[in-house]
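Going line by line, the protein sequences match chains U and H.
In terms of the working numbering, the first sequence opens at residue 1 and continues consecutively.
In terms of the working numbering, the second sequence opens at residue 1001 and continues consecutively.
Reviewing the structure listed below.
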Amino acid sequence: MFGVLMITLLLTISLVGSNMDTILKQGVVFQVRGEITADPSIANSFSSSEEFEEFVQNQIDQRIETLGLDEPWYSPQRIGLTMYKILLLDFGNATFLTSDSGSTDVREIILEKLPRTILLFTTATIIISVIGIFLGAFSGSKVGSVIDRITSSFAIISSSFPVWWIGMLMIFLFSFVYQIFPARATPSIPVSDPDYILSLLYHMTLPLITIVMIGFGAWAYLVRNFMVGIMQEDFITSKKVMGINRKKIIYKHALKNAAPPIVTILALSLSGSLGGAIITEAVFDWPGMGRLYFEAITVMDLPIIIGATYILTVFFLISIFIADLLYGYFDPRVRTGQ
Amino acid sequence: MSFSQQEIRNEFLKSKMGIAGIFILSTLIIISMVAIIAIPSETFSEWNNPSNWISYPKVAIPGWVNLFLIEKIPEHKIMNDPIKKMESSESVSTISHQFVFNFDYDDFPNDFIYEFSAEYAGSPLLEILVIRPDGVQLEILSTSLPNSDLITTHTERIFSTDELIKKKLFLQSEYFNFPVDNLSAEDIVFSKTDIHYPLKGNYVYMINLYGVNSQNQIPESKLIVGGKAFGIMGTDELRRDLAIGLLWGTPLALFIGIVVAIASVVMGLLYGVYAGYKGKKTDEVMMRFNDVIYALPALPFLIILSVTISNSIFVMIGFLTIFGWVGVAKVSRSMALQIKTRGYIDAAEMMGQRKSKIIIRHILPQLLPYAFASIAISVPAAITTEAGLSFLGLGDPSFPTWGQILHDANVYGAASRGLWWWILPPGIMIAITGLAFVFIGNALDVIVNPKLKR
Chain U
1 MFGVLMITLL LTISLVGSNM DTILKQGVVF QVRGEITADP SIANSFSSSE EFEEFVQNQI
61 DQRIETLGLD EPWYSPQRIG LTMYKILLLD FGNATFLTSD SGSTDVREII LEKLPRTILL
121 FTTATIIISV IGIFLGAFSG SKVGSVIDRI TSSFAIISSS FPVWWIGMLM IFLFSFVYQI
181 FPARATPSIP VSDPDYILSL LYHMTLPLIT IVMIGFGAWA YLVRNFMVGI MQEDFITSKK
241 VMGINRKKII YKHALKNAAP PIVTILALSL SGSLGGAIIT EAVFDWPGMG RLYFEAITVM
301 DLPIIIGATY ILTVFFLISI FIADLLYGYF DPRVRTGQ
Chain H
1001 MSFSQQEIRN EFLKSKMGIA GIFILSTLII ISMVAIIAIP SETFSEWNNP SNWISYPKVA
1061 IPGWVNLFLI EKIPEHKIMN DPIKKMESSE SVSTISHQFV FNFDYDDFPN DFIYEFSAEY
1121 AGSPLLEILV IRPDGVQLEI LSTSLPNSDL ITTHTERIFS TDELIKKKLF LQSEYFNFPV
1181 DNLSAEDIVF SKTDIHYPLK GNYVYMINLY GVNSQNQIPE SKLIVGGKAF GIMGTDELRR
1241 DLAIGLLWGT PLALFIGIVV AIASVVMGLL YGVYAGYKGK KTDEVMMRFN DVIYALPALP
1301 FLIILSVTIS NSIFVMIGFL TIFGWVGVAK VSRSMALQIK TRGYIDAAEM MGQRKSKIII
1361 RHILPQLLPY AFASIAISVP AAITTEAGLS FLGLGDPSFP TWGQILHDAN VYGAASRGLW
1421 WWILPPGIMI AITGLAFVFI GNALDVIVNP KLKR
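Structure (structure tokens):
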């Protein structure tokens, strides 16, 4: 798992590395030229312009060397150093973007945005899974009923709509036709205001409704399909013959047996939603990780891109790991080892 | 776990969903054919060229909306075949172009533009007149074209906001019972004389070119009466005709979806079957590699790739394939593991058949139904992912895809401005295309996994 993390990092760095070098070198050139023009006495101390140019070039080369930029970005030494720094969560400073409080430290920016993304998407995923599990269990136990058919067709139809498009429609409906919710999800009042949390929650409603609306159908359908399989098993039939309450069979015995795959998918979709947040957050202008990522891409703010990719991957891997652990907990067959 | 082709076809035809899917898909294919044949491909490469769309209206509502309205919205009219007349006496030659059109709306047009190119020598006089339905004849403009001794070609666009037009109309204000000084030219020309309200009926725009030279000509002559409604699908902020964008999006989306789905399923299938059949170390190594790709966050990587490497549509298809084959490989590996234990594989091995032949002849055909189902199911994912990337503004700028139309809509705030005709159709097209494949895939899936059937 650690290996995967390293490979992801390596890939990201190798994709953006050459760009990053050019930008850093340009930064050094600007810095040196700026310092020299700020102090006219340096320029006056040279007799010819060639001599002066040479001095400037020397200065630039020296700086580049001290920063280690004279080696290409793919030299093992530099990649090793960069990766080591990132492992310690030291992402350096952002080139263009800043956090709301004005800091350019990538770690601070990410720490500021991450909770908001988690707030929105974790809430949405939990609501989706609760609705989905109950609806799915219900329709799975009554295959062919009206509710089952509605759930299945809703799941199929909703899965082919892109979430962000529904988002645009929701903005159109609820902030243009009926002006209930704001179109932009970023609260307009400053973070320090005590009403900020309330305002954030109010702005969260529209994205939340959208994500839940598109998401729960697919969940219900998934759970339904597991349930259909389990309801055909012998032990359920024998429970029915024993005369155990139907509800008890569905929610206690059948659902428990469907739990392992459901939990796995829950864990994966939780972390997957963080990655998928990029487009959704761009539509609703939600000030979270996804939008940060998108903004970083548009202005090529490389430290942030690397940092955000790293954090997303870490979350993804952690949830895969947790899913594996939970699978063992729910399905005793896996526990006995080999 | 094996199905004959006949069985699959029969089962498939029994499912209503599958038939609906096939029906939608064939409609889409017909639309793509129409798009490729009827609309010249130059149009779509001009999609992002603003000068190509200059005679179209800005954010015009679709024309058919008028059918449902009592107060009709003026439609945008582009007329380029006038009735041509030519008279020449000894000293003066007159060329006259007449545009006749019916104006039957309850609002004034946005503007009118006369676009022409004339071939002449000397300094001819250009005169524009309007004969209104109530018989009033308004002079709009009379101006002389720039002097030239040799025969030259002069191209000009005369806008209704022209100062000369304003002055000319002000001089004729005695026709109207209300003050006209602060009204724009189109508000005066198309107004009733007693109150300021649009006058309905047939209007005739007459363009006369008086000159001494009998060789004078107006080869190109185009009158645009700007309206707020246009075409079947309306236009967007950049004056582009959305119908063309939507039509061209269809073959592109189908192309992207189908190519990505087939490529990734074939890749996953071969990879998985090979790993499963070889077993042992090879299997272990190949599956670890599979896990690595599986654990990469796809969307962030797609974004980085398209920003740093290229956003060409063909490269994008490659990237989408790289992230698409993983799941198929896992499933087909486990299926290959099952099939490997069958007697006939052992028999084939004992007969000394080559391994590649065993895989191709005996294992792959068993997986074909599953492969078709997963191709159908992964098409919508590919289409929505591409649309999503385009929506973020990372699409190929030389092709108008649905995602890009939505990107522009989002950039210009179409949702909060209520421009529904800009948002709804592309999304519906994405959804319908996805739906067609989901239907087909589900119908196949039910056949392949009999457990779902009950």
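Where a beta carbon is used, it is the ideal one built from N, C-alpha and C, also for glycine.
Chain H residues whose Cβ lies nearer than 8 angstroms to that of residue i
i, result
"U/TYR293", "PRO1300 and ILE1303"
"U/SER159", "PRO1380, GLY1434 and VAL1438"
Check whether residue i and residue j have beta carbons under 9 angstroms apart
i, j, result
"H/SER1264", "H/TRP1325", "yes"
"U/LEU312", "H/PRO1300", "yes"
"H/ALA1382", "H/LEU1296", "no"
"H/GLY1018", "H/ILE1440", "yes"
"H/ILE1078", "H/LEU1223", "yes"
"H/LYS1058", "H/TYR1105", "no"
"U/ALA137", "U/ARG246", "no"
"U/GLY288", "U/THR117", "yes"
"H/PRO1397", "H/ASN1048", "yes"
"H/GLY1393", "H/THR1401", "no"
"H/PHE1099", "H/PRO1074", "no"
Chain U contact residues for residue i, given Cβ-Cβ distances below 7 angstroms
i, result
"H/PHE1391", "TRP164 and ILE279"
"H/ILE1423", "MET168, LEU169 and PHE172"
"H/ASN1182", "Per Cβ cutoff of 7 angstroms: no residues; H/ASN1182 is ~31 angstroms from chain U at best."
Through-space distance from residue j to residue i, alpha-carbon basis
i, j, result
"U/GLY337", "U/MET227", "Note on U/GLY337: pLDDT 49, under 50, position unreliable in the model; the coordinate value appears next. In a straight line, the C-alpha of U/GLY337 is about 27 angstroms away from that of U/MET227."
"H/SER1051", "H/LYS1016", "48 angstroms"
"U/ALA38", "U/GLU54", "18 angstroms"
"U/SER45", "U/LYS25", "26 angstroms"
"H/ILE1140", "H/LEU1069", "32 angstroms"
"H/GLU1007", "H/LEU1444", "11 angstroms"
"U/GLN31", "U/GLN57", "12 angstroms"
"H/ILE1405", "H/MET1316", "18 angstroms"
"H/TYR1114", "H/PHE1101", "14 angstroms"
"U/LYS239", "U/VAL146", "25 angstroms"
"H/LEU1067", "H/LEU1419", "18 angstroms"
"H/LEU1270", "U/ILE109", "44 angstroms"
"H/HIS1362", "H/ALA1348", "9 angstroms"
"H/ARG1454", "U/MET231", "With a pLDDT of 44 at H/ARG1454, under the threshold of 50, the modelled position of this residue cannot be trusted; read the value that follows with caution. Distance between the alpha carbons of H/ARG1454 and U/MET231 is about 10 angstroms."
"H/MET1001", "H/VAL1328", "Confidence at H/MET1001 is low in this model, with a pLDDT of 47, below 50, so its placement is unreliable and no value can be given for it."
"U/THR104", "H/ILE1309", "27 angstroms"
"H/ARG1240", "H/GLY1231", "11 angstroms"
"U/TYR251", "U/PHE121", "26 angstroms"
"H/GLU1046", "U/ARG291", "31 angstroms"
"U/PHE330", "U/LYS142", "25 angstroms"
"U/PHE154", "H/PHE1437", "16 angstroms"
"H/TYR1274", "H/ILE1359", "8 angstroms"
Per-residue contacts from residue i into chain H (C-beta, under 7 angstroms)
i, result
"U/ILE320", "ALA1295"
"U/PHE316", "ALA1295 and PRO1297"
"U/ALA282", "LEU1392"
"U/THR313", "PRO1297"
First through last residue of the beta strand (DSSP E) which encompasses residue i
i, result
"H/GLY1427", "Not the beta strand (DSSP E): H/GLY1427 falls in the alpha helix (DSSP H), residues 1420-1448."
"H/ALA1121", "1111-1122"
"H/VAL1225", "1217-1226"
"H/GLY1201", "1201-1211"
"H/LEU1067", "First-last for H/LEU1067: undefined, no H or E at that position."
"H/LYS1077", "1077-1079"
"H/SER1088", "1083-1088"
Proximal chain U residues relative to residue i, where beta-carbon distance stays under 9 angstroms
i, result
"H/LEU1418", "Correcting the residue identity first, residue 1418 of chain H is Gly in this sequence and not Leu. Going along chain U in sequence order, the residues near H/GLY1418 (Cβ under 9 angstroms) are PHE172, PHE176 and VAL177."
"H/ILE1430", "SER160, PHE161, PRO162 and TRP165"
Residue range of the alpha helix (DSSP H) that includes residue i
i, result
"H/ASP1149", "H/ASP1149 -> not in any alpha helix (DSSP H); beta strand (DSSP E) instead, spanning 1148-1159."
"H/VAL1100", "Counting along the chain, H/VAL1100 falls outside any alpha helix (DSSP H), though it belongs to the beta strand (DSSP E) covering 1093-1103."
"H/GLN1137", "Counting along the chain, H/GLN1137 falls outside any alpha helix (DSSP H), though it belongs to the beta strand (DSSP E) covering 1137-1144."
"H/SER1015", "Taken as a continuous stretch (DSSP letters only), H/SER1015 belongs to no alpha helix (DSSP H), as it is neither H nor E."
"H/LEU1367", "1364-1391"
Within chain U, partners of residue i - CB distance below 8 angstroms
i, result
"H/GLY1388", "PRO162, TRP164 and ILE279"
Chain-ordered neighbours of residue i on chain H, where CB pairs are closer than 9 angstroms
i, result
"U/THR122", "Residues of chain H passing the Cβ test: none, with the nearest at roughly 17 angstroms."
*Does the count of Cβ pairs from the stretch 1404-1412 of chain H and the stretch 1420-1433 of chain H closer than 8 angstroms reach three?*
yes
*How do the stretch 1197-1210 of chain H and the stretch 1166-1173 of chain H stand: do at least 3 beta-carbon pairs fall below 8 angstroms, yes or no?*
no
_Three or more C-beta pairs below 8 angstroms linking the stretch 1204-1220 of chain H and the stretch 1122-1141 of chain H_ = Taking 8 angstroms as the limit for Cβ pairs, the verdict is that the stretch 1122-1141 of chain H does touch the stretch 1204-1220 of chain H.
*Please confirm if the stretch 1247-1258 of chain H is in contact with the stretch 1134-1150 of chain H, defined as three or more CB-CB distances below 8 angstroms between the two stretches.*
no
*Determine contact between the stretch 1353-1367 of chain H and the stretch 1329-1339 of chain H, defined as no fewer than three beta-carbon pairs at a distance below 8 angstroms.*
yes
*Are the stretch 1141-1149 of chain H and the stretch 1250-1264 of chain H touching, with three or more C-beta to C-beta distances below 8 angstroms?*
no
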